[in-house]
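4 protein chains.
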Amino acid sequence: MSMHCFKDDYSETAHPDIIAELMRSCDGHHTGYGEDEYCLEAARLIRREIKLEDCDVHFLSGGTQTNLTAISSFLRPFQAAMAPAHGHILVHEAAAIEATGHKILSFPSPDGKLTPERIDASLRQHLGDEHMPYPKLVYVSDSTETGTVYNKAELTALSRYCREHGLYLYLDGARLGAALAAPKSDLTMADIAALTDAFYIGGTKNGAMLGEALVIKNPELRTEFRRNLKLRGAMLAKGWILGVQFCALFRDGLFYRLGKNATDMALALSERLAALGVEFTSPVESNMLFPVFRCEVTDELRRRFIMHPGKRVDEEHSSPRLVCSWATTPEAVDEFASAVRELI
Amino acid sequence: MSMHCFKDDYSETAHPDIIAELMRSCDGHHTGYGEDEYCLEAARLIRREIKLEDCDVHFLSGGTQTNLTAISSFLRPFQAAMAPAHGHILVHEAAAIEATGHKILSFPSPDGKLTPERIDASLRQHLGDEHMPYPKLVYVSDSTETGTVYNKAELTALSRYCREHGLYLYLDGARLGAALAAPKSDLTMADIAALTDAFYIGGTKNGAMLGEALVIKNPELRTEFRRNLKLRGAMLAKGWILGVQFCALFRDGLFYRLGKNATDMALALSERLAALGVEFTSPVESNMLFPVFRCEVTDELRRRFIMHPGKRVDEEHSSPRLVCSWATTPEAVDEFASAVRELI
Amino acid sequence: MSMHCFKDDYSETAHPDIIAELMRSCDGHHTGYGEDEYCLEAARLIRREIKLEDCDVHFLSGGTQTNLTAISSFLRPFQAAMAPAHGHILVHEAAAIEATGHKILSFPSPDGKLTPERIDASLRQHLGDEHMPYPKLVYVSDSTETGTVYNKAELTALSRYCREHGLYLYLDGARLGAALAAPKSDLTMADIAALTDAFYIGGTKNGAMLGEALVIKNPELRTEFRRNLKLRGAMLAKGWILGVQFCALFRDGLFYRLGKNATDMALALSERLAALGVEFTSPVESNMLFPVFRCEVTDELRRRFIMHPGKRVDEEHSSPRLVCSWATTPEAVDEFASAVRELI
Amino acid sequence: MSMHCFKDDYSETAHPDIIAELMRSCDGHHTGYGEDEYCLEAARLIRREIKLEDCDVHFLSGGTQTNLTAISSFLRPFQAAMAPAHGHILVHEAAAIEATGHKILSFPSPDGKLTPERIDASLRQHLGDEHMPYPKLVYVSDSTETGTVYNKAELTALSRYCREHGLYLYLDGARLGAALAAPKSDLTMADIAALTDAFYIGGTKNGAMLGEALVIKNPELRTEFRRNLKLRGAMLAKGWILGVQFCALFRDGLFYRLGKNATDMALALSERLAALGVEFTSPVESNMLFPVFRCEVTDELRRRFIMHPGKRVDEEHSSPRLVCSWATTPEAVDEFASAVRELI
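Residue numbers (our numbering), protein chains in the order written: chain H, 58 to 401; chain C, 58 to 401; chain D, 58 to 401; chain X, 58 to 401.
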């Protein structure tokens with residue numbers, strides 16, 4: 058395929074350095090089930106990165122698997138999760154969380170984020186009525202489904218609220234690399250670890266073949282967690298293939314460089330489009346853009362680039378989701394911007 | 058590690074041809090979620106192999122994930138599975154099936170297999186008593202947990218019984234490559250497909266990095282199955298990495314050659330040991346051996362080879378499980394046999 | 058307690074005829090688990106009432122138990138229910154449905170009802186996206202949570218839509234007695250049976266001590282249903298105590314007379330209050346009223362009558378939910394209306 | 058029906074004192090959902106009886122419902138229960154526990170009881186292998202499925218073992234009334250409370266219409282338990298009908314008198330039969346007998362008494378389960394014994 062891809066951040070294969078490291082590891086014998094030397098080393102690198110020794114680090118295959126394994130293990134049967142209305146677990150995981158027995162309470166959120174103000178009234182109502190589920194876990198993602206990112210003040214406020222109200226704060230970091238690279242974000246990986254009870258670092262959407270690193274800080278959530286991995290089918294026999302990729306990502310900062318490319322390219326494209334008068338349905342903060350085009354422009358762009366058709370905005374306009382990735386090049390951005398200039 | 062490994066069939070990394078094919082595929086863009094060209098091609102190759110066009114072929118990461126996704130999707134809430142007492146789903150999957158809401162009825166089975174005779178009385182009792190779960194699915198594995206294999210007459214009898222009694226027959230083929238290579242087995246992959254409602258072909262234990270191919274023949278079990286994959290966390294974003302490995306396995310018979318090596322090496326080792334007077338707790342039919350040694354012999358062998366300690370047989374003897382794999386060499390077999398000769 | 062009760066329709070004990078019939082049955086021996094002569098007779102009476110021989114009739118203890126047993130049995134793991142935003146299963150059953158593994162999709166509904174128009178776009182979107190749950194069952198209640206009722210045209214349109222789209226239509230009839238007595242309703246019990254796949258007839262809120270009668274018409278939902286009762290803990294050893302109450306309710310129309318009293322009293326009270334200029338947040342159609350009072354009026358009424366405080370409407374007004382029941386008397390209505398007249 | 062009943066202890070209706078008390082309560086209004094004055098009083102009476110103030114007491118409809126609600130609430134997803142091979146939850150509850158996601162490990166138990174010796178090796182094996190479920194709860198019933206009873210030494214030993222190994226001890230007291238009346242038992246209700254983490258007191262099989270009282274002592278199992286009741290459909294709107302029956306049972310010892318009658322009658326019958334040379338498959342210790350008769354004797358007895366056919370012992374003999382209840386009379390015992398004397 059020679060067309061440039063703006064469809065998502067998982068259609069590209071994997072970063073050459075990760076592939077090379079995986080190849081080098083294909084030799085001899087490795088202990089099974091995630092207890093090999095690569096997983097141990099990757100966990101060590103991640104603990105160094107988040108400046109936190111006392112935590113669990115587990116490696117899983119994908120995001121839905123990580124979310125369902127974590128949340129189902131953290132909650133008691135009578136407890137529920139809370140998520141923004143467009144949260145991935147609410148909308149795009151085929152009800153995987155509910156399949157483990159837990160309701161997710163949905164909160165209106167124009168920017169994809171949760172704040173104490175948005176959940177407070179509902180939390181009180183639910184805690185006070187035993188005919189309702191008991192909210193216990195707050196799910197957020199950074200970046201969000203619309204590409205916005207949390208800053209430190211926002212996540213700190215939410216974290217403090219959760220601790221005051223006995224809520225677990227869990228952060229879905231499928232696109233954490235792109236989020237941390239956002240100019241609007243002043244968060245570090247160590248901040249994320251300090252402010253949440255558990256979170257995961259996405260590999261699949263940031264240059265790996267597969268793999269997410271789940272970090273669990275809260276001790277009461279860590280008990281026998283490897284059995285939870287096993288019973289949800291999330292413990293790979295050859296777990297070293299996950300560990301080795303996170304070694305490659307975290308040995309010398311590749312994770313950040315890949316995330317930075319994704320967000321830099323998106324911001325560059327956003328500037329080019331804005332200069333052409335293009336408007337966006339959501340502010341461009343990380344690696345996703347939601348520009349508004351006349352439908353025929355979108356249609357023609359889809360003939361020239363790999364991209365989703367997007368949603369109709371009105372009779373004449375549609376808004377495709379454009380995603381930049383670790384692999385997006387300045388040339389691709391330039392070609393896309395030029396095509397838009399030509400078409401509008 | 059320079060010691061030879063007889064511990065299991067997943068401590069080795071992956072066969073060079075599979076690695077090479079995976080490397081070649083790491084280029085450009087691939088459609089996500091298992092709808093890429095590699096998965097389509099791998100499914101085509103498997104359909105050709107089993108001589109059956111009308112079936113679903115899905116690719117999952119591991120065996121427990123495959124078993125729990127399949128069985129939980131096949132059964133209604135009031136239905137149960139039936140398995141031999143040492144069946145993998147009963148003993149070594151951390152109650153993953155029960156976690157999806159279904160009981161597994163256990164049946165004594167000295168050789169690890171199920172027969173109509175072994176389940177008939179219990180089936181009748183359960184079907185006739187509405188205070189008991191309703192058995193609906195028969196789980197078998199080939200090879201079994203003790204390394205024995207089904208022959209065509211046995212599987213045909215069980216299949217006929219299942220059809221007569223409205224039971225689904227599901228076969229766990231984690232070690233199907235080794236099983237089909239067994240001299241005692243006259244089954245082909247096409248026979249397996251013809252005689253079961255669904256089965257899976259194990260890649261992880263037969264030379265792949267990860268991956269199992271689930272074949273579903275019975276149309277009533279196929280409805281919207283990809284949603285079941287998604288909701289159990291079994292749908293990889295970069296699903297092509299599974300497809301490409303099964304392309305390598307099934308394009309020109311690599312799957313069978315790898316299984317044959319595993320079983321051939323085990324039988325060779327078995328002959329060598331038997332010639333030394335060593336006895337076995339289970340007949341050696343595929344790639345696993347359960348020899349009985351004096352404890353100090355086992356201990357010394359563990360200093361020279363990578364292997365499990367095994368179970369105590371009596372005060373003076375223990376029986377380690379030895380596993381040969383696609384990667385086991387004649388030299389390894391010879392060294393092991395020589396060591397035993399020296400020690401006993 | 059000598060105060061009149063407008064709090065709900067289950068704080069009163071049970072109708073004297075039902076108590077008397079229950080007493081008369083307390084003699085000798087009865088077959089266990091709902092297979093006694095009373096349950097058989099009650100099922101016969103209900104089949105006569107709904108003019109339908111070919112259906113299952115089961116007796117359960119309460120509404121949440123009935124909803125969770127029915128819905129969890131009807132759906133496959135990948136399927137979801139659809140309900141109006143204030144539906145009882147969504148809001149007031151402590152996530153009992155999700156606890157069985159199924160998501161409930163919520164639909165805005167100012168009047169508490171579902172229509173094809175309200176669900177159509179979402180249905181299409183969900184059916185077309187395999188990363189979303191698959192809607193399979195439409196949940197409605199009659200009367201609704203706000204006391205409105207369906208008419209025949211509305212339920213027929215919804216029923217036709219469900220059949221055209223392969224959806225099960227399930228009706229929660231916790232207050233079906235009051236609903237069928239509503240002047241705005243032209244539905245009969247036989248219509249309900251004809252238009253739905255399954256529904257339940259509420260006893261608890263219509264004069265019984267406990268008990269709901271679940272009617273399942275669709276043959277594909279009836280398979281081994283008694284095992285579903287057992288596994289959800291819904292099969293009473295002394296099931297005859299449920300059967301005998303439904304015998305009393307359906308032998309000569311007591312069910313309808315009790316529902317009629319509830320709705321008649323509510324309508325009478327509604328007229329009295331409307332004549333005093335009182336407004337309502339929802340139209341009064343069956344046995345529940347949501348009048349708006351100044352907060353101090355509500356507070357004073359709560360000193361004179363057993364009733365809930367209700368929700369705040371604005372700084373100065375609140376809206377208590379008033380419920381009339383089989384036991385509400387004209388005197389109670391008169392006293393309440395007089396009190397309001399005095400206070401406003 | 059004029060035949061005497063030895064079929065079970067729930068075919069009789071309810072004790073007249075319980076019925077009378079229930080009738081007297083059918084007046085006025087009662088607070089819903091188990092928060093009424095009767096439930097509060099019944100809980101107070103039970104706390105007095107078990108000499109323990111600091112515990113939860115909940116009232117549920119039936120035994121399976123109680124077991125599934127309790128066990129599913131007590132366990133985390135990765136944890137399993139342990140039960141004797143013929144335990145009610147293992148065999149006769151339609152896999153209700155597994156339906157909530159938990160495996161039950163089965164232990165051979167000729168007398169229906171568990172001891173530390175019987176579970177110790179398996180416990181160690183499971184705790185040490187993360188591919189196995191993690192045993193956390195020991196389920197016992199008193200009396201057991203074969204009618205045997207625990208004595209204080211036995212239950213104390215098991216209790217101590219559970220505490221030493223971090224296991225919850227849960228006792229199913231469906232027939233606790235009969236068990237405590239057994240001459241071989243030196244346990245009191247207070248002992249049961251002192252030695253277990255939770256247990257339930259059976260009403261249904263001891264003279265009530267319906268109802269079991271679940272006592273939870275361990276504070277970590279009590280958090281928000283009423284939400285667990287609600288989400289499993291176990292919270293009756295008119296919960297007072299359960300409370301009032303337990304008031305009747307525990308106000309002045311009716312519970313014990315009814316249990317004593319059941320066991321006294323069984324022991325009397327056992328003596329009469331033993332004197333005739335009848336043998337039993339299990340020792341008669343409480344209200345159940347398993348005598349062995351020639352098949353034609355069993356058949357003829359079934360023509361004269363309401364009773365189960367029982368199991369075949371050999372070609373010529375069968376062993377019916379005979380159950381005496383609160384309602385069994387000396388006349389019934391005499392008639393049965395006389396019939397046996399006549400027939401053998």
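Even glycine gets a Cβ: it sits at the ideal position worked out from N, Cα and C. From a predicted model like this one, the values you see are computed outputs, not experimental measurements.
DSSP on residue i, reduced to helix/strand/coil?
i                 : result
Tyr-218 (chain C) : helix
Arg-351 (chain H) : strand
Phe-362 (chain X) : coil
Glu-98 (chain H)  : helix
Met-345 (chain C) : strand
Pro-192 (chain H) : strand
His-115 (chain H) : strand
His-86 (chain C)  : strand
Ser-130 (chain H) : helix
Gly-259 (chain H) : strand
Count the other C-beta atoms from every protein chain shown that fall within 10 angstroms of the C-beta of residue i, then say buried if there are 16 or more, exposed otherwise.
i                 : result
Pro-141 (chain X) : buried
Leu-333 (chain D) : exposed
Gly-300 (chain C) : buried
Ala-250 (chain D) : buried
Arg-107 (chain X) : Sequence inspection shows Ile at residue 107 (chain X); the Arg mentioned does not correspond to that position. Result: buried.
Ala-247 (chain C) : exposed
Gln-122 (chain H) : buried
Gly-169 (chain X) : buried
How many angstroms separate the CA atom of residue i from the CA atom of residue j?
i                 : j                 : result
Ile-273 (chain C) : Leu-226 (chain C) : 11 Å
Tyr-90 (chain X)  : Met-80 (chain D)  : 23 Å
Ser-198 (chain X) : Thr-280 (chain H) : 29 Å
Pro-73 (chain X)  : Thr-172 (chain C) : 54 Å
Thr-386 (chain D) : Leu-267 (chain D) : 22 Å
Leu-212 (chain C) : Ile-128 (chain C) : 19 Å
Asp-254 (chain C) : Ala-99 (chain C)  : 20 Å
Arg-283 (chain D) : Glu-187 (chain C) : 7 Å
Leu-117 (chain X) : Ala-178 (chain D) : 42 Å
Met-58 (chain C)  : His-86 (chain H)  : With a pLDDT of 47 at Met-58 (chain C), under the threshold of 50, the modelled position of that residue is not reliable, and the figure given next carries that caveat. Near 7 Å, if we compare the C-alpha coordinates of His-86 (chain H) and Met-58 (chain C).
Thr-245 (chain C) : Thr-126 (chain H) : 37 Å
So residue i packs on residue j, CB below 8 Å; how close in whole Å?
i                 : j                 : result
Leu-194 (chain H) : Met-139 (chain H) : 7 Å
Tyr-67 (chain X)  : Thr-261 (chain X) : 6 Å
Ala-231 (chain X) : Lys-317 (chain X) : With 8 Å as the limit, Ala-231 (chain X) and Lys-317 (chain X) do not qualify as a contact, their Cβ atoms being about 17 Å apart.
Ala-265 (chain H) : Ile-401 (chain H) : Contact doesn't hold; Cβ gap of about 36 Å is too wide.
Pro-134 (chain H) : Asn-263 (chain X) : Not really, about 29 Å apart at Cβ, beyond 8 Å.
Gln-136 (chain C) : Tyr-191 (chain C) : 5 Å
Is there a Cβ from chain B that is less than 8 Å from the Cβ of residue i?
i                 : result
Ala-152 (chain C) : Any reference to chain B falls outside this structure, whose protein chains are H, C, D and X.
Going along the chain, which residues of the stretch 181-202 of chain H sit with their C-beta nearer than 9 Å to a C-beta in chain X? Glu-187, His-188, Met-189, Pro-190, Tyr-191
Subject >> Near-chain C residues of the stretch 77-90 of chain H (beta-carbon distance less than 8 Å), N- to C-terminal order >> reply: Met-80, Ser-82, Cys-83, Asp-84, Gly-85, His-86, His-87, Thr-88, Gly-89
Under 8 Å (Cβ pairs) to chain D, residues found in the stretch 262-293 of chain H | none
Contact list for the stretch 130-142 of chain X against chain H, Cβ threshold 7 Å
Ser-130, Pro-134, Phe-135
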